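Visitor: Protein chains in written order, with the working numbering: chain G, -18 to 292; chain Y, 360 to 475; chain S, 10 to 231. My structure is below; once you've seen it, I'll send some questions.
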Amino acid sequence: MKEGFKSNSRLERILKAGHFAVTGECGPPRGADPEAIRKKGELLKGCVDAVNVTDCQTAVVRMSSLSSCLILKEMGFDPILQMVTRDRNRIAIQSDILGAAALGINNILCLTGDHQKAGDHPQAKNVFDIDSIQMVAAVKAMRDEGKFMNGEELTVRPRLFIGAAENPFADPFEIRHLRLAKKVKAGADFIQTQCIFNVKRFKEWMKRVVDMGLHEKVFILAGITPLKSVGMARYMKNMVPGMDVPDEVIERLKGVPKEKQGEEGVRIAIETIQELKEVEGVHGVHIMAIEWEEKVREIVEGAGLFPRPEI
Amino acid sequence: MRLECPPNVKVIRVPCSGRVESFHLLKAFESGVDGVFVAGCLEGECHFLIGNLQAKRRVNYVKGVLKAIGINPERLQMYNLSAAMGSRFAEICWEMTEKVKRLGPNPVKTGRGKEV
Amino acid sequence: MVVGEQKPLEEILEMIEPYDRLILAGCKGCVAVCAAGGEREVRFLASAIKTARKAQGREIEIREVTLERQCDPEYVEQIRPFVGQYQAILSLACGVGVQFMAEHYRQIPALPGLNTTFVGGAERQGVWVERCQCCGQCVLHLTGGICPITRCSKSLLNGPCGGSSNGRCEIDPEVPCGWQLILDRLKELGQLERYLEIIPPKDWSLSRDGGPRKVQREDLMR
């Protein structure tokens, strides 16, 4: 590990070198198929500095994030292990953190996780022993102080680059930057935001973040999701809580024939990135092309972010 | 005005249909009555504002209970009519009588098991 | 109060199927207030059971009794004089009452007539809402008098999560976001700066997670 670095994370090196970072996302399959991960990995190769692996996103059972991370690591990626507190208590969380670090995972994204009620096992008992902010603090204490949550010392410290999420579009808006401040205070190194369709609102949020000086304490990666169709845009607007898809975006997609809507969605994503690159405090983008990984390269290229720097 | 009512109908007078409790309705069936109807005032014309609406909710609740214990909920009905509608009252008495005759005796008396 | 809800009649009838002599025991405590297991409900359920049984041609004898409380031994003991004449106790108390019956009368089964749902209060007539999870370490002084453990679907101590939308929870638009309520209240109290403090992880050993709990008062014990 280099001097001045908290981890061996490629993402950390990219960000600290002042590059505009690009991260991608890979959702594991609903089965024990490693090829599904490798296929997505192939599509992302060379396009991203690090790749997030979701942890049973939307509370639907999928292959575990850690195993999927390993498959991607074997392919040369720097995976970001997403971990939710919904399914694990502090014993399991800390144990998985040690395990991940031992297996060479360098990044972790600490999340609370979607409630299981809208998932595929609504009958499940949830855990929520700790929340995402408390988890960030726990990982930081393990890494920087070598201590477990109970204050006891651990042997070899997990060298993880610590991430957290924030949703500028959830309510109440007036505390969203304060919540980010709490995550920074807890020890987050980087932040990945919810997908941005309402750039105006995102900028308002960013302004508050910058006014608090948070952008100097944490790297903020803006969330980007290309819309495949009007149907997807409507679904996200109406069915996903905390998602803000303005009517203009829907109108714009409606303005082109159905078979061209995907192209238009990609164009919107590229334009959004270009606009976000100019926003003070934005250090990169996190592209979540949901089951549409084949478009990531086109988006990264279109936004002038290809090739990724060798570092 | 003298209207002929079927002789099998026993009228129980209450100050307001809202006075009828779920228990009263159920108890009638327990004691072997074949059918019950609650005659409340027209909706919106309750002297006590919502008595007839409460009665309606209770009737619906007891219908659910009857179904659960195997008694045809059709045996219990709610009607709304004003004090001036004597002929309608007589008509309902005949209607209910016909309905109950079709359904046969309350199984409480025969012990023949669930009818629904 | 402990809020309960009567089990579906079909389930109750199946539960008591083997018995022909039954004690139906109500409770004048919480479950009477929430209209699930008081004197009125005992009377009604007894009638429903008897009607169902008569219709099947198999009558049942029901001893109706509603105790002051089923969570105190002195009241539970009140049925001892006649309990021997019956085959089972169907309790309309909360889960505590059913268990106290079972502990006191070991020869016959104690059956639950209710599903004990939560600790809550009456929002208005006929509507009861959950307010307390009995976590054993109250944090209401930190959160404007609104419980994050109960009111936030994820029991977050540092909410709201990213699913809070227009004051509603991500699990259901009918459910208010607990953290929106907390923040509104902190604002009303002029304590919004509290929000910036990170509330540390909770000690769940004081809740049910630490095993069955007990409160002991030496000064009151005999």
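Glycine is no exception: its CB is placed at the ideal position from the N, C-alpha and C atoms. The structure presented is a predicted model; accordingly, all values stated were derived computationally and were not measured.
Taking DSSP as the reference, what is the three-state secondary structure of T39/G?
Guide: Working through the first sequence from its first residue, we reach residue 39/G at position 58. Reduced to three states, the DSSP call for T39/G is helix.
Visitor: Let me see if you follow: with CB-CB separation under 8 Å, is P153/G close to chain S or not?
Guide: As a first step, residue 153/G must be located in the first sequence, where it is residue number 172. For P153/G, the answer is yes, since a Cβ of chain S falls inside 8 Å of its Cβ.
Visitor: Could you confirm whether any beta carbon from chain S is found closer than 8 Å to the beta carbon of T93/G?
Guide: Translated into positions along the first sequence, residue 93/G becomes position 112. Chain S, which has a Cβ nearer than 8 Å to the Cβ of T93/G, makes this yes.
Visitor: From the beta carbon of L385/Y, is the nearest beta carbon of chain S less than 8 Å away?
Guide: Taking the second sequence and counting its residues from 1, one reaches residue 385/Y at position 26. At least one chain S Cβ lies under 8 Å of L385/Y.
Visitor: Say whether chain S places a C-beta atom closer than 8 Å to the C-beta of R71/G.
Guide: Taking the first sequence and counting its residues from 1, one reaches residue 71/G at position 90. Yes, R71/G counts as interfacial toward chain S.
Visitor: Run down chain S in chain order and give the residues with a C-beta less than 8 Å from the C-beta of M56/G.
Guide: Translated into positions along the first sequence, residue 56/G becomes position 75. Within 8 Å Cβ-Cβ: nothing; M56/G doesn't reach chain S, min ~30 Å.
Visitor: Counting only the same chain and skipping the five closest in sequence on each side, list residues whose C-beta sits under 7 Å from that of L79/G.
Guide: As a position in the first sequence, residue 79/G is number 98, starting the count at 1. If we look at L79/G and ignore the five residues flanking it on each side, its Cβ neighbours are P139.
Visitor: Would you call the CB atoms of I18/G and C28/G closer than 8 Å?
Guide: Here residue 18/G refers to the residue found at position 37 of the first sequence. Here residue 28/G refers to the residue found at position 47 of the first sequence. Not closer than 8 Å, so no.
Visitor: Tell me the residue span of the beta strand (DSSP E) that contains R72/S.
Guide: Translated into the one-based positions of the third sequence, residue 72/S becomes position 63. Counting along the chain, the beta strand (DSSP E) containing R72/S begins and ends at 70 to 76.
Visitor: The stretch 378 to 412 of chain Y: which residues have C-beta closer than 7 Å to a C-beta of chain S, in chain order?
Guide: S381, F382, L385, K386, F388, E389
Visitor: Please report the distance separating the alpha-carbon of W137/S from that of C43/S.
Guide: Locating residue 137/S in the third sequence gives position 128, where the first residue counts as 1. Locating residue 43/S in the third sequence gives position 34, where the first residue counts as 1. If you take the alpha carbons of W137/S and C43/S, they lie about 8 Å apart.
Visitor: Just checking my contact of R69/G with D77/G at CB under 8 Å: how many whole Å lie between their CB atoms?
Guide: Locating residue 69/G in the first sequence gives position 88, counting from the first residue. Locating residue 77/G in the first sequence gives position 96, counting from the first residue. Confirmed, about 7 Å.
Visitor: Using beta-carbon positions only, say whether T60/S and G35/S come within less than 8 Å of one another.
Guide: By one-based count along the third sequence, residue 60/S stands at place 51. By one-based count along the third sequence, residue 35/S stands at place 26. Contact: no.
Visitor: Taking only runs of the beta strand (DSSP E) that begin and end inside the stretch 421 to 454 of chain Y, which ones reach a length of at least 3 residues, in chain order?
Guide: Segments of the beta strand (DSSP E) lying fully in the stretch 421 to 454 of chain Y: 435 to 439.
Visitor: Just grab the DSSP bridge partners of R71/G for me.
Guide: Residue numbering aside, residue 71/G sits at position 90 when the first sequence is read from its first letter. DSSP, once it has assigned bridges, lists no residue as partnering R71/G.
Visitor: If you measure between the beta carbons of I201/G and V263/G, is that distance less than 8 Å?
Guide: As a first step, residue 201/G must be located in the first sequence, where it is residue number 220. As a first step, residue 263/G must be located in the first sequence, where it is residue number 282. The answer is yes: Cβ separation under 8 Å.
Visitor: Counting Cβ pairs closer than 8 Å, one from the stretch 124 to 134 of chain G and one from the stretch 101 to 109 of chain G, do we hit at least three?
Guide: no
Visitor: What does E48/S touch in chain Y if you count any residue whose Cβ is under 8 Å from its own?
Guide: By one-based count along the third sequence, residue 48/S stands at place 39. Those within 8 Å of E48/S in chain Y number zero; the least Cβ separation is about 11 Å.
Visitor: What does the Cβ neighbour count give for N367/Y, buried or exposed, with the cut at 16 atoms within 10 Å?
Guide: For the purposes of this step, residue 367/Y is taken as residue 8 along the second sequence, with counting starting at 1. Looking at its Cβ environment, which holds fewer than 16 other Cβ atoms inside 10 Å, N367/Y is exposed.
Visitor: Applying a beta-carbon distance threshold of less than 8 Å, which residues of chain S neighbour V475/Y?
Guide: Within the second sequence, numbered from 1, the residue matching residue 475/Y stands at position 116. By Cβ distance, chain S contributes nothing, its closest Cβ being about 10 Å from V475/Y, past 8 Å.
Visitor: Any C-beta of chain S sitting closer than 8 Å to the C-beta of A83/G?
Guide: For the purposes of this step, residue 83/G is taken as residue 102 along the first sequence, with counting starting at 1. No, A83/G lies away from the interface with chain S (no Cβ there is under 8 Å from its Cβ).
Visitor: Shortest alpha-carbon distance to F127/S belongs to which of Q142/S, P185/S, L33/S, Q189/S?
Guide: For the purposes of this step, residue 127/S is taken as residue 118 along the third sequence, with counting starting at 1. Residue Q142/S is the option with its Cα nearest to F127/S.
Visitor: Give a yes or no on contact between the stretch 427 to 443 of chain Y and the stretch 452 to 470 of chain Y, applying the rule of three or more CB pairs nearer than 8 Å.
Guide: yes
Visitor: Please go through the stretch 98 to 131 of chain G and give each complete alpha helix (DSSP H) segment of 4 or more residues, from N-terminal end onward.
Guide: 113 to 121
Visitor: Output the distance between the C-alpha atoms of V277/G and R289/G, rounded to the nearest integer angstrom.
Guide: Locating residue 277/G in the first sequence gives position 296, where the first residue counts as 1. Locating residue 289/G in the first sequence gives position 308, where the first residue counts as 1. Going by the C-alpha atoms only, they are around 13 Å apart.
Visitor: How many Å lie between K(-17)/G and P60/G at the Cα?
Guide: Working through the first sequence from its first residue, we reach residue -17/G at position 2. Working through the first sequence from its first residue, we reach residue 60/G at position 79. Cα-Cα distance, rounded: 19 Å.
Visitor: Give a yes or no on whether the minimum CB-CB distance between F53/S and chain Y is below 8 Å.
Guide: Working through the third sequence from its first residue, we reach residue 53/S at position 44. True, the Cβ-Cβ gap to chain Y drops below 8 Å.
Visitor: Is the beta carbon of A151/G less than 8 Å from the beta carbon of G171/S?
Guide: Position 170 of the first sequence, counting from 1, holds the residue named residue 151/G. Position 162 of the third sequence, counting from 1, holds the residue named residue 171/S. The answer is yes: Cβ separation under 8 Å.
Visitor: Give me the residue from A414/Y, V392/Y, V370/Y, L408/Y with the minimum Cα distance to E380/Y.
Guide: One-based indexing of the second sequence puts residue 380/Y at position 21. Residue A414/Y is the option with its Cα nearest to E380/Y.
Visitor: Can you give the beta carbon distance from T159/S to E139/S, rounded, assuming they're within the 8 Å contact cut?
Guide: Here the question's residue 159/S lines up with position 150 in the third sequence. Here the question's residue 139/S lines up with position 130 in the third sequence. Indeed they touch by this definition, with Cβ atoms about 6 Å apart.
Visitor: Using the DSSP secondary-structure output, state which residues sit across from E139/S in a beta bridge.
Guide: The residue labelled residue 139/S in the question sits at position 130 within the third sequence. Residue pairing by DSSP puts E139/S in a beta bridge opposite G129/S.
Visitor: Compare the beta carbon distance of V188/S and L151/S with 8 Å and say whether it is the shorter of the two.
Guide: Start at 1 with the first residue of the third sequence, and residue 188/S comes out as number 179. Start at 1 with the first residue of the third sequence, and residue 151/S comes out as number 142. What sits at residue 188/S in the sequence shown is Trp, not Val. Contact flag unset, no.
Visitor: Who pairs with F396/Y in a beta bridge, going by DSSP?
Guide: Taking the second sequence and counting its residues from 1, one reaches residue 396/Y at position 37. Bridge partners of F396/Y: Q436/Y.
Visitor: Output needed for E244/G: all residues of its chain with C-beta closer than 8 Å, excluding positions within five of it in sequence on either side, in chain order.
Guide: In the first sequence, residue 244/G corresponds to position 263, counting from 1. The residues are V237.
Visitor: What first and last residue would you give for the alpha helix (DSSP H) that runs through G245/S?
Guide: Lying before the first or after the last residue shown, residue 245/S is absent from chain S, which here runs from 10 to 231.
Visitor: Could you compute how far the alpha carbon of P464/Y sits from the alpha carbon of S390/Y?
Guide: Counting from 1 along the second sequence, the entry for residue 464/Y is found at position 105. Counting from 1 along the second sequence, the entry for residue 390/Y is found at position 31. Straight-line Cα distance between these residues: approximately 12 Å.
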